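*Asks:* In this note's numbering, the protein residues as written are 16 to 163.
A virtual CB, placed ideally from N, CA and C, is assigned to each residue, including glycine.
Just so we're clear, the structure is a prediction, and the values are computed from it rather than from any experiment.
Take this structure, written in structure tokens, and hold onto it; I'll ask about it next.
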Amino acid sequence: MALLGFALFLARCAGFASAVEPPLRGDMVAWTGEAGAGTTFSYSVAVFSTAATSALATVTFNLDRRLTALPDHRTDNCVGTRPVVCSFSIYADHPGSATITVRVNPGVCGLPLTSSATIRDDRGSFSADSTSVGLWGRCSLYLPVARK
């Protein structure tokens, strides 16, 4: 009876055991947890493919509007500042990566800085990832004074 129960368990879970890796996957990371106005930090993205032959992958960094990309501090295969676009060749066991450096604009405060990366390849596959960086510093709120 226990063997029958185990066999039924395996049959029910067989779909979960045979998970298939997506054809294209990208992971974006920020090289800091917190930043403040005027500070710099980097974003990196790693792109993985299951393809047996080479494919051209394009990564588009969509930066928070309160950030400025530094064109002289990025991987050679990246162009632009808003958005930053990186291209490279990838295939199974040969991932691609890119790193860009950004500066937090002066006077920025408030909610975390959220940026994303969209990844596409020439085979039509798509992937996306995003990350947030905490923002330290105080925001001064000036309210108008009512006068009579």
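1) In whole angstroms, what separates the C-alpha of Pro121 from that of Thr129?
2) Return the chain-ordered list of same chain residues with a C-beta closer than 6 Å to the C-beta of Asp144, the five sequence neighbours on each side being excluded.
3) Could you tell me the alpha carbon to alpha carbon distance between Ser112 and Phe63, rounded to whole angstroms?
4) What are the boundary residues of the beta strand (DSSP E) that includes Leu71?
5) With a threshold of 16 other CB atoms inside 10 Å of the CB of Asp108, please say whether the residue is buried or exposed.
6) Among the residues of its own chain, which have a CB less than 8 Å from the CB of Ser104, if the five just before and after it don't count?
7) For the candidate residues Asp91, Val74, Gly51, whose alpha-carbon lies nearest to that of Leu126?
8) Which residue wins for smallest C-alpha separation from Cys101, given the options Thr75, Arg81, Asp79, Leu82?
9) According to the neighbour-count rule (16 or more other Cβ atoms, all chains shown, within 10 Å of its Cβ), is Ala84 buried or exposed?
10) Ignore the nearest five residues each way along the sequence and tell me which others in Cys154's own chain have a CB closer than 8 Å to its CB.
11) Considering only their Cβ atoms, is the gap separating Leu82 from Val119 smaller than 9 Å?
12) Specify the secondary structure class of Ala45 as computed by DSSP and reduced to three states.
13) Return helix, strand or coil for Cys124, following the three-state DSSP convention.
*Replies:* On the basis of the data shown:
1) Residue 121 sits at position 106 when you count from the first residue of the sequence shown. Residue 129 sits at position 114 when you count from the first residue of the sequence shown. Pro121 and Thr129: Cα-Cα distance of roughly 17 Å.
2) Taking the first residue of the sequence shown as position 1, residue 144 is located at position 129. Contacts found: Gly41, Asp42, Met43, Ala132.
3) Translated into the one-based positions of the sequence shown, residue 112 becomes position 97. Translated into the one-based positions of the sequence shown, residue 63 becomes position 48. Looking at the backbone, the Cα of Ser112 and that of Phe63 are separated by about 9 Å.
4) Translated into the one-based positions of the sequence shown, residue 71 becomes position 56. Element bounds for Leu71: 70-77.
5) Here the question's residue 108 lines up with position 93 in the sequence shown. Classification of Asp108: exposed, given that the 10 Å Cβ count is below 16.
6) For the purposes of this step, residue 104 is taken as the residue at position 89 of the sequence shown. So the qualifying residues of the chain are Ser69, Ala70, Leu71, Ala72, Gly111.
7) Taking the first residue of the sequence shown as 1, we reach residue 126 at position 111. Residue Gly51 is the option with its Cα nearest to Leu126.
8) Here residue 101 refers to the residue found at position 86 of the sequence shown. Among Thr75, Arg81, Asp79, Leu82, the Cα nearest to that of Cys101 is on Thr75.
9) Along the sequence shown, read from residue 1 onward, the residue named residue 84 stands at position 69. Looking at its Cβ environment, which holds 16 or more other Cβ atoms inside 10 Å, Ala84 is buried.
10) Locating residue 154 in the sequence shown gives position 139, where the first residue counts as 1. Hits under 8 Å: Cys124, Gly125.
11) Walking along the sequence shown from the start, residue 119 turns up at place 104. Walking along the sequence shown from the start, residue 82 turns up at place 67. With respect to the 9 Å criterion, Val119 and Leu82 are classified as neighbours on the basis of their beta carbons.
12) Counting from 1 along the sequence shown, the entry for residue 45 is found at position 30. Ala45: strand per DSSP, three-state reduction.
13) Working through the sequence shown from its first residue, we reach residue 124 at position 109. Of the three classes helix, strand and coil, the one that applies to Cys124 here is coil, per DSSP.
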